Amino acid sequence: MSLRSPLGRVLGLGSAKGGAGHWYSQRVTAVALVILGCWFIASLALLGAGAPHAAVVAWLRSPFSAVMALLLVAVTAYHAQLGLQVVFEDYISDKGTRMVVLVALKFALVVAALIGVLAVLRIAFGAQA
Amino acid sequence: MAQPERPLSPFMQYRWQYTNTLSILHRITGILLSLCFFVLVYWLVAAASGPERYTAALATIGSPLVRLLLIGGLFSFCYHLLNGIRHLFWDAGYGFELPIARKSGWAAAIGAVVLTAVLWIVLGASLGGAA
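The listed protein sequences derive, respectively, from chains L and V. Going by our numbering, the residue at position 50 of the first sequence is 50; the numbering climbs one at a time, nothing skipped. Going by our numbering, the residue at position 43 of the second sequence is 1043; the numbering climbs one at a time, nothing skipped.
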């Protein structure tokens, strides 16, 4: 979805980059994280942060918890990527360094998110008793 | 491609006040929460790796250094959540009037401290029991 007006695009006005889309994604993920974050903290409080292994596994075996946990991991990684990107863009002035750091940031968060997703799925599908 | 020396935004010269303090705090807490995301993934992987690994991971998570990060992370969660909601209202066009912005700023800051204390009593105690 593009938030730029067709006329502006034709005339070549405004930034050629995807700023509006970035801004919009950050807000949508923020709204999602209000719900997901509160769910996670409430779940931790009910479980106890140092809950025994069996309790955590039983919790993530429920389809609802598993889906919420998957969403939490994925949306948090995306929101963090969007936010940290802005921080790095603000403070790294050298273009080459900035690009390397931004790509490394994306790699790190995508890898971490996939590891998290795999972990939740393994528990949800009963790889561990 | 030669870049001409351009003037920088005079962001270091503005008067220090509650607006920029809360704004910078939003950014710092966001960075801390990103670090906590990796702790979350570590915890999930540990839970998926069986009871022994999980118990060992809990000991690591309960260690003083990680615990310090988590207290910071918990405050970051509370503040970033409350101040983030404040930002969402601004994005929707509400709450710009100075008295309201001031009040909502105080509410986010004080609310975050109170919420952190309450949650740490609930969460920190149970973590201490396991470690």
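Glycine included, each C-beta is placed from N, C-alpha and C at the ideal position. Since the model is a prediction, treat every value here as computed from it, not as a measurement.
Can you tell me whether residue 38(L) is buried or exposed? The criterion is at least 16 other CB atoms within 10 Å of its CB, across all chains shown.
In the first sequence, counting from the first residue as 1, residue 38(L) sits at position 38. So residue 38(L) ends up on the exposed side.
Residue 71(L) and residue 109(L) - do their beta-carbons sit closer together than 8 Å?
In the first sequence, the residue the question calls residue 109(L) occupies position 109. In the first sequence, the residue the question calls residue 71(L) occupies position 71. Cβ distance not < 8 Å, so residue 109(L) and residue 71(L) don't count as in contact.
Could you tell me which uninterrupted beta strand (DSSP E) segments, each at least 3 residues in length, are contained entirely in the stretch 1011-1077 of chain V, listed from first to last along the chain?
none
Simplified DSSP assignment, three categories, for residue 24(L)
For the purposes of this step, residue 24(L) is taken as residue 24 along the first sequence, with counting starting at 1. Three-state DSSP puts residue 24(L) in a helix.
Answer yes or no: does any C-beta atom of chain L fall closer than 8 Å to that of residue 1054(V)?
One-based indexing of the second sequence puts residue 1054(V) at position 54. It does; some Cβ of chain L falls within 8 Å.
Please state whether the Cβ-Cβ distance between residue 1040(V) and residue 1078(V) is less than 8 Å.
On the second sequence, residue 1040(V) is found 40 positions in, with the first residue counted as 1. On the second sequence, residue 1078(V) is found 78 positions in, with the first residue counted as 1. Cβ atoms of residue 1040(V) and residue 1078(V): not closer than 8 Å.
Report the CB separation of residue 1033(V) from residue 1063(V) in whole angstroms; it is logged as a contact under 8 Å.
Counted from its first residue, the second sequence places residue 1033(V) at position 33. Counted from its first residue, the second sequence places residue 1063(V) at position 63. Incorrect: roughly 20 Å between the Cβ atoms, too far for contact.
Where does the unbroken alpha helix (DSSP H) through residue 89(L) begin, and where does it stop?
What you label residue 89(L) is simply residue 89 of the first sequence in a count that begins at 1. Run containing residue 89(L): 63-91, per the alpha helix (DSSP H) assignment.
Any contact of the stretch 1019-1030 of chain V with the stretch 1101-1114 of chain V, i.e. 3+ C-beta pairs under 8 Å?
yes
Just verifying my parser: in three-state terms, what is the DSSP assignment at residue 1094(V)?
In the second sequence, counting from the first residue as 1, residue 1094(V) sits at position 94. In the structure shown, residue 1094(V) sits in coil (DSSP, three-state: anything other than H, G, I, E or B).
Which one of 88(L), 117(L), 52(L) and 40(L) has the shortest CA to CA distance from residue 1031(V)?
Working through the second sequence from its first residue, we reach residue 1031(V) at position 31. It is 88(L) whose Cα lies nearest to the Cα of residue 1031(V).
State the CB to CB distance for the pair residue 69(L) and residue 111(L), rounded to an integer number of angstroms; the pair is presumed to be in contact (CB under 8 Å).
Within the first sequence, numbered from 1, the residue matching residue 69(L) stands at position 69. Within the first sequence, numbered from 1, the residue matching residue 111(L) stands at position 111. Actually they do not touch by this definition, with Cβ atoms about 18 Å apart.
Which word fits residue 1129(V), buried or exposed, when buried means at least 16 other C-beta atoms lie within 10 angstroms of its C-beta?
Counted from its first residue, the second sequence places residue 1129(V) at position 129. With a pLDDT of 45 at residue 1129(V), under the threshold of 50, the modelled position of this residue cannot be trusted; read the value that follows with caution. The residue in question, residue 1129(V), is exposed, as its Cβ has fewer than 16 Cβ neighbours within 10 Å.
Thinking C-beta only, is residue 1112(V) closer than 8 Å to residue 1082(V)?
Here residue 1082(V) corresponds to residue number 82 of the second sequence, with the count starting at 1. Here residue 1112(V) corresponds to residue number 112 of the second sequence, with the count starting at 1. Yes, they are a contact pair.
Taking only three categories from DSSP, how would you classify residue 1007(V)?
For the purposes of this step, residue 1007(V) is taken as the residue at position 7 of the second sequence. Looking at residue 1007(V) - three-state DSSP - the assignment turns out to be coil, as it is neither helix nor strand.
When every heavy atom of the ligand COA is checked, does at least one fall within less than 7 Å of the C-beta of residue 1088(V)?
With respect to small molecules bound, the structure shown includes none, and the ligand COA cannot be examined in it.
In angstroms with no decimal places, state the Cα-to-Cα distance between residue 1070(V) and residue 1036(V).
Taking the second sequence and counting its residues from 1, the one referred to as residue 1070(V) is at position 70. Taking the second sequence and counting its residues from 1, the one referred to as residue 1036(V) is at position 36. Between residue 1070(V) and residue 1036(V), the C-alpha separation is close to 7 Å.
Alpha-carbon spacing of residue 124(L) relative to residue 93(L), whole angstroms
In the first sequence, the residue the question calls residue 124(L) occupies position 124. In the first sequence, the residue the question calls residue 93(L) occupies position 93. The alpha-carbon atoms of residue 124(L) and residue 93(L) are separated by roughly 44 Å.
Using DSSP with H/G/I as helix, E/B as strand and the rest coil, what is residue 1104(V)?
Residue 1104(V) sits at position 104 when you count from the first residue of the second sequence. In this structure, residue 1104(V) counts as helix in the three-state DSSP scheme.
Once the 5 residues before and after residue 1066(V) are set aside, which same chain residues still bring their CB inside 8 Å of it?
Locating residue 1066(V) in the second sequence gives position 66, counting from the first residue. Closer than 8 Å at Cβ, skipping near neighbours: 1039 and 1060.
Is the CB of residue 1034(V) under 8 Å away from at least one CB in chain L?
The count along the second sequence starts at 1 and reaches residue 1034(V) at position 34. By this cut-off, residue 1034(V) is an interface position.
Given that residue 116(L) touches chain A, what residues does it touch there, using C-beta distances under 8 Å?
Judged by its chain identifiers, the structure shown contains no chain A, and its protein chains are L and V.
Applying the criterion that 16 or more other CB atoms from any shown protein chain within 10 Å of the CB defines a buried residue, is residue 1024(V) buried or exposed?
For this step, residue 1024(V) is matched to residue 24 along the second sequence. Residue 1024(V) is exposed by the Cβ-count criterion.
Can you pull out the residues from the stretch 1085-1107 of chain V whose beta carbon lies closer than 9 Å to at least one beta carbon of chain L?
1085, 1087, 1088 and 1091
Quick one: Cα of residue 1122(V) to Cα of residue 45(L), how far?
Numbered from its first residue, the second sequence carries residue 1122(V) at position 122. Numbered from its first residue, the first sequence carries residue 45(L) at position 45. One C-alpha to the other measures close to 6 Å.
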